[in-house]
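Written below as structure tokens is the structure these notes are about.
Protein chains: 2
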Amino acid sequence: MTPAGRRIAAAAEELFYERGITPVGVDLIAEHSGVTKRTLYNQFGSKDQLVATYLAIRDQRWRSYVSAAVEARDDPVEAVTAPFDALRTWSESNTRGCAFVNALAELPDPAHPAHRVATEQKLWLSRLFEELATEAGCPHPATLATRLLVLHEGALATQPLPLDTLEPSAELARALVRAEPSPRR
Amino acid sequence: MTPAGRRIAAAAEELFYERGITPVGVDLIAEHSGVTKRTLYNQFGSKDQLVATYLAIRDQRWRSYVSAAVEARDDPVEAVTAPFDALRTWSESNTRGCAFVNALAELPDPAHPAHRVATEQKLWLSRLFEELATEAGCPHPATLATRLLVLHEGALATQPLPLDTLEPSAELARALVRAEPSPRR
DNA sequence: AGTGATGTTCACCGATCAGTATACGTACGA
DNA sequence: TCGTACGTATACTGATCGGTGAACATCACT
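If you're matching them up, the sequences are chains A and B in order.
When the letters of the first sequence are read in order and numbered with the numbering used here, they come out as residues 434 to 618.
When the letters of the second sequence are read in order and numbered with the numbering used here, they come out as residues 434 to 618.
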């Protein structure tokens, strides 16, 4: 990606996330990245393609963030709920909720690339939970993974409320992991 | 509300929910309701006001739906998780997720009436869970209510995924209620 | 010296946006 | 019978939308 392309992507990421996709026009993105609209179209071809790139970048950054939190844990049991710890610090600087859920809300067309990216992101987290649960020796990793995914998404979705849901969700998640017998311990 | 006003509101509800708020113009709503744009503005004054009305109507319908499901339960313990049963049938004909979460994704401005409606809807459900938990004799209704709310929103948010999360969420919710000692039983 | 990629400037396209103006019809209640 | 509310019809405003055309500048690499 060229220098101008990177500036465009950075501006698009911030504007799309903070203000939503539909209400943000390509002119605004070009202006914020100090670039002509012509350059934007030379680099990305269309707004839809720029949206897809925006989501892909976000997905990559988020996965790296979660993976780092998981690998920082030595205890395999603690590693299972590490994504909840990552969610706490992540959402401190991402107060507009999940970019993918928001994108799906704005783009009803299932053929839009946003749907593929969003679905794969959630499935990635689900698989991660299942793998971690298996490594921790939990007897029913698939069931546990589904429960943890629901708790994770629920905590994320209730962030804008004047309730503290993140810590209770993480606490319940840890309880669920501990409740399952861990033969390897 | 006049007959024309009702037709406009009905068309707005369907279009806003199915296609999103921003991409649906007032011309389209007027056309779908068989009404002139002039009539639309005579009745609602502005698009923002129409959006607020749309969300208020949806909120009212949803609360009635959940309340009916709760009141249909004789056992107070089963009543606690009745909103999860309501969610199952509700989401069968509402496949685009939560209208309020979607609206927040499109309307970042916290001053928009959509934010107030959405927040109050979630808090209403939270209070409902707490009241039902209290009536069922649960010793920690506030804690349980937060957990049930997170599970509910999580199940709702993961609906578009090719995973069955609704039934596992409801099952876990019932387990949480049963786990708490119920002195009244 | 030549060539292709990157980027700029500026003007432009048709379509759509939210919202308004004016004038006319129709039904109902005082 | 007269006024008022409800609704229609058509035309219009200025702004913004996503996207394009054409000409020109800069730089690196061969």
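Heads up, the beta-carbon is just placed ideally off N, CA and C, and yes, glycines get one too.
Keep in mind that this is a model prediction, so the values were computed, not measured.
Anticipated Cβ contact below 8 Å, residue i with residue j, distance rounded
i, j, result
"Thr-375/A", "Pro-601/B", "Residue numbering for chain A in the displayed model covers 434 to 618; residue 375/A lies beyond these limits and cannot be assessed."
"Asp-481/A", "His-545/A", "7 Å"
"Arg-529/B", "Glu-451/B", "6 Å"
"Thr-455/A", "Pro-456/B", "6 Å"
"Leu-594/B", "Leu-556/A", "7 Å"
"Glu-525/B", "Ile-490/B", "No, Glu-525/B and Ile-490/B are not in contact; Cβ-Cβ is about 20 Å, not under 8 Å."
Within-9 Å CB hit, residue i to chain B
i, result
"His-545/A", "no"
"Arg-607/A", "no"
"Ser-602/A", "yes"
"Val-534/A", "yes"
"Pro-456/A", "yes"
"Ser-377/A", "Examination of residue 377/A is not possible in this model, given that chain A is present from 434 through 618 alone."
"Asp-597/A", "yes"
"Thr-567/A", "no"
"Ser-479/A", "no"
"Lys-555/A", "yes"
"Ala-444/A", "no"
Same chain only: Cβ atoms within 6 Å of residue i, ignoring 5 sequence neighbours per side
i, result
"Gln-554/B", "Asp-492, Phe-533"
"Thr-598/A", "Ala-588, Thr-591"
"Leu-581/A", "Phe-562, Ala-606"
"Pro-485/B", "The sequence as given places Ala at residue 485/B; Pro does not occur at that position. These residues qualify, in order along the chain: Pro-546."
"Ala-512/A", "Val-503, Arg-506, Leu-565"
"Pro-509/A", "Glu-568, Ala-569"
Nearest residue (CA-CA) to residue i, options the options
i, options, result
"Ala-536/A", "Leu-488/A, Leu-582/A, Arg-494/A, Trp-523/A", "Leu-488/A"
"Tyr-498/A", "Leu-483/A, Thr-522/A, Ser-479/A", "Thr-522/A"
"Asp-507/A", "Ser-479/A, Ala-569/A, Ala-606/A, Leu-520/A", "Ala-569/A"
"Ala-578/B", "Phe-562/B, Pro-593/B, Glu-586/B", "Phe-562/B"
"Leu-448/A", "His-465/B, Pro-541/B, Pro-574/B, Ala-608/B", "Pro-541/B"
"Phe-477/A", "Leu-609/A, Pro-509/A, Met-434/A, Arg-496/A", "Met-434/A"
"Trp-520/A", "Ala-444/A, Arg-494/A, Pro-509/A", "One detail in the question is off: residue 520/A reads as Leu in this sequence, not Trp. Out of Ala-444/A, Arg-494/A, Pro-509/A, Arg-494/A has the C-alpha closest to the C-alpha of Leu-520/A."
"Leu-596/A", "Val-510/B, Asn-527/B, Pro-509/B, Thr-552/B", "Thr-552/B"
Chain A contact for residue i (CB, 9 Å cutoff)
i, result
"Val-484/B", "no"
"His-465/B", "no"
"Leu-582/B", "yes"
"Glu-586/B", "yes"
"Ser-420/B", "Any property of residue 420/B remains undetermined from this structure, which presents chain B solely from 434 to 618."
"Pro-541/B", "yes"
"Leu-537/B", "yes"
"Ala-502/B", "no"
"Arg-439/B", "no"
"Tyr-573/B", "Just to set this straight, residue 573/B is His in the shown sequence, not Tyr. No, because no Cβ of chain A sits closer than 9 Å to the Cβ of His-573/B."
Neighbourhood of residue i by C-beta, 8 Å cutoff - its chain only, sequence neighbours within 5 removed
i, result
"Gly-453/A", "Asn-535, Glu-539"
"Ile-462/A", "Ile-441, Ala-444, Ala-445, Leu-448, Leu-473, Leu-483"
Cβ-based neighbour list, residue i, same chain, cut-off 7 Å, excluding 5 preceding and 5 following
i, result
"Val-459/B", "Lys-470, Leu-473, Lys-480"
"Val-468/B", "Ala-437, Arg-440, Ile-441"
When the Cβ atoms of the segment 496-504 of chain B are set against those of the segment 512-525 of chain B, are three or more pairs found closer than 8 Å? yes
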